[in-house]
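Quick notes on the structure that follows.
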Amino acid sequence: MSSTASDQATRPETHCDESRVPEYTLPDPLIDNAGRPVTSAEQWMSYRRAEILELFRTYMYGHSPQRSPVRATLVQGPVVALDGLAIRRIVRVEVTDGPDPAYADLLIYTPNRPGKHPVFLNLSFWGNHSVSMEPDIPLSTKWYRPTENGLVINNRPTEKSRGLQVRRYPLDLILSRGYGLATCYYGDFEPDDPEGWKMGVRGKLQPPGKPFGPSDWAAISAWSWGLSCAMDYLETDEHVDPSKVAVIGHSRLGKAALWAGAQDERFALVISNCSGEGGAAISRRCFGETVAAINYLFPHWFCENFKKFSNNEAALPIDQHELIALIAPRPVYVASASEDLWADPKGEFLAAYHAEPVYRLFGKTGLGRVDFTFERGVQDLPPAERPMGDTIGYHMRIGRHDILRYDWEQYLNFADRHFARNQ
Ligand code: GTR
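Structure follows, in structure tokens:
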């Protein structure tokens with residue numbers, strides 16, 4: 048996606064031309080704020096990790112408030128679902144206090160056999176009724192962006208949107224491999240709109256009349272905060288193994304999954320699918336979507352301080368390899384798609400690559416040895432459909448910006464390996 052000279056006054060110019068990637072120097076996660084080297088896992092965990100988290104909070108995603116204890120009510124099920132493969136239920140999780148609490152309706156599938164199961168936790172773009180064709184999953188009653196094709200009427204989804212996203216949720220595969228899925232609509236926490244905060248958790252928790260400060264949370268943090276609330280509930284669910292919860296998201300929700308995984312160490316595994324700018328992609332490459340473009344297109348996603356870095360990436364005190372490093376020593380998977388240049392596959396790969404030194408502190412191998420090189424000035428990308436890595440996984444699927452069965456197959460293999468289910 049690139050813009051023309053005529054609209055540059057409004058929409059920032061972008062390009063997907065590798066020869067125009069500037070020279071840059073990445074911040075070193077292993078040099079602390081005082082300029083001293085960080086040489087041990089103990090130093091990383093005791094203070095360096097907190098320094099980097101604070102930089103991401105102050106300059107990029109904003110600071111989120113403490114969570115109250117969640118309250119959960121079963122609103123549907125349990126029922127046997129997916130031809131006997133799964134037990135399905137919907138649990139309403141209230142996440143704020145007071146008379147009119149914000150809530151999320153978690154749709155949960157777990158394997159239809161006794162015991163506690165590993166689970167993928169995910170926010171969806173279209174809500175619970177979109178991830179499956181099952182006719183008895185209630186339509187969301189929350190706010191949706193208007194569409195022209197009858198999928199949304201009066202800001203509410205219609206029957207026409209049932210199953211809309213099934214290609215992104217291969218439930219048969221996930222359940223038959225022994226995993227569960229817990230999911231809810233991202234708009235349960237905040238509608239994705241510049242005015243959305245008024246209808247979401249940020250509006251509920253902001254003291255009346257008090258404007259947001261320059262490093263207060265924004266929408267991505269609200270979604271990540273919601274993922275932690277969902278985890279608060281999952282820790283109490285008798286069918287879920289809370290030590291094996293993988294947080295997974297696609298695109299803007301991949302950004303939220305990474306930020307949730309960086310902050311909340313209860314997530315045992317973190318998966319970023321095509322998360323791009325503000326997610327896994329190195330901001331300093333300025334390839335595809337840029338800081339200026341994302342702040343212009345989505346002014347509500349990041350905190351106000353982040354606007355200072357539009358067309359000023361070199362001044363960022365952090366870059367996205369450090370977001371991945373914050374997940375260490377836990378396993379993290381970064382995936383791209385070959386035609387998804389807007390998300391900068393090469394920048395996503397390089398962030399995974401440059402998180403390696405932090406994993407090494409823990410005696411872990413991240414991506415490990417990479418047996419190919421990039422040449423500047425060439426439209427080169429990581430090799431397609433060659434999943435690689437150890438504690439950091441990476442693949443680039445052939446095709447477009449999406450999350451498909453191929454991606455899930457790799458995530459399941461990665462989770463099997465790290466959750467040691469196949470030993
Ligand atoms: C695009 C946006 C990306 C990505 C994507 C998505 O429009 O520029 O950062 O988040 O949307 O979420 O599908």
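The opening residue of the sequence shown carries number 48 in the working numbering; numbering runs sequentially from there. Heads up, the beta-carbon is just placed ideally off N, CA and C, and yes, glycines get one too. Treat the numbers as computed from the prediction; the structure is a model and nothing was measured.
Does the Cβ of residue i have 16 or more other Cβ atoms within 10 Å, making it buried, or fewer, making it exposed?
i	result
Met107	buried
Tyr216	buried
Tyr400	buried
Gly162	exposed
Asp130	exposed
Arg83	exposed
Ala265	buried
Ala97	exposed
Asp75	exposed
Gln310	buried
Ser111	buried
Asp64	exposed
Below 7 Å CB to CB, which residues in the same chain sit around residue i once its five sequence neighbours on both sides are set aside?
i	result
Glu386	Gly446, Arg447
Arg95	Asp79, Val85
Pro346	Pro241
Once you ignore the five residues that flank residue i on each side, which residues in its own chain have a CB closer than 6 Å to its CB?
i	result
Ser115	Asp144
Asn358	Ala339
Residue i to residue j, Cα distance in whole Å?
i	j	result
Arg331	Leu428	17 Å
Gly174	Arg135	15 Å
Pro404	Gly301	23 Å
Ala229	Ser383	23 Å
Ala149	Trp91	36 Å
Glu432	Tyr453	9 Å
Val381	Ile318	6 Å
Ala269	Asp263	10 Å
Gln55	Cys333	At Gln55 the pLDDT is 42, less than 50, meaning the model places this residue with poor confidence and gives no usable figure here.
Asp235	Thr120	16 Å
Which residues mark the beginning and the end of the beta strand (DSSP E) in which residue i is found?
i	result
Ile439	439-444
Arg139	133-141
Pro158	150-158
Ala382	379-384
Ile318	316-320
Is it true that the CB of residue j sits closer than 7 Å to the CB of residue i?
i	j	result
Leu102	Ile295	no
Tyr441	Phe396	yes
Glu336	Gly323	yes
Pro378	His465	yes
Leu274	Ala315	no
Ile329	Ala398	yes
Val140	Ala151	yes
Cys350	Gly197	no
His164	Asp288	yes
Thr420	Asp437	no
Val117	Val142	yes
Cys231	Leu153	yes
Any beta carbon from chain D within less than 7 Å of residue i's own beta carbon?
i	result
His286	Structure shown: chain D not included; a single protein chain is present.
In terms of residues, what are the limits of the alpha helix (DSSP H) holding residue i?
i	result
Gly308	299-310
Gly273	266-281
Ala128	Taken as a continuous stretch (DSSP letters only), Ala128 belongs to no alpha helix (DSSP H), being part of the beta strand (DSSP E) at 118-128.
His164	Element bounds for His164: not the alpha helix (DSSP H) but the beta strand (DSSP E), 164-171.
Asp463	452-465
Gly197	From DSSP, Gly197 is part of no alpha helix (DSSP H); its letter is neither H nor E.
Asn342	338-344
Tyr232	That residue, Tyr232, is in no alpha helix (DSSP H); its beta strand (DSSP E) goes 227-232.
Ser223	218-223
Beta-carbon within less than 8 Å of residue i's beta-carbon, same chain only, minus the 5 sequence neighbours each way: which residues are those?
i	result
Gln470	The predicted position of Gln470 is uncertain, since its pLDDT is 39 and thus under 50; no value can be drawn from it.
Pro204	Trp173, Gly174, His176, Ser177, Leu186, Ser187, Tyr191, Leu198
Arg224	Leu459, Asp463
Ser87	Leu408
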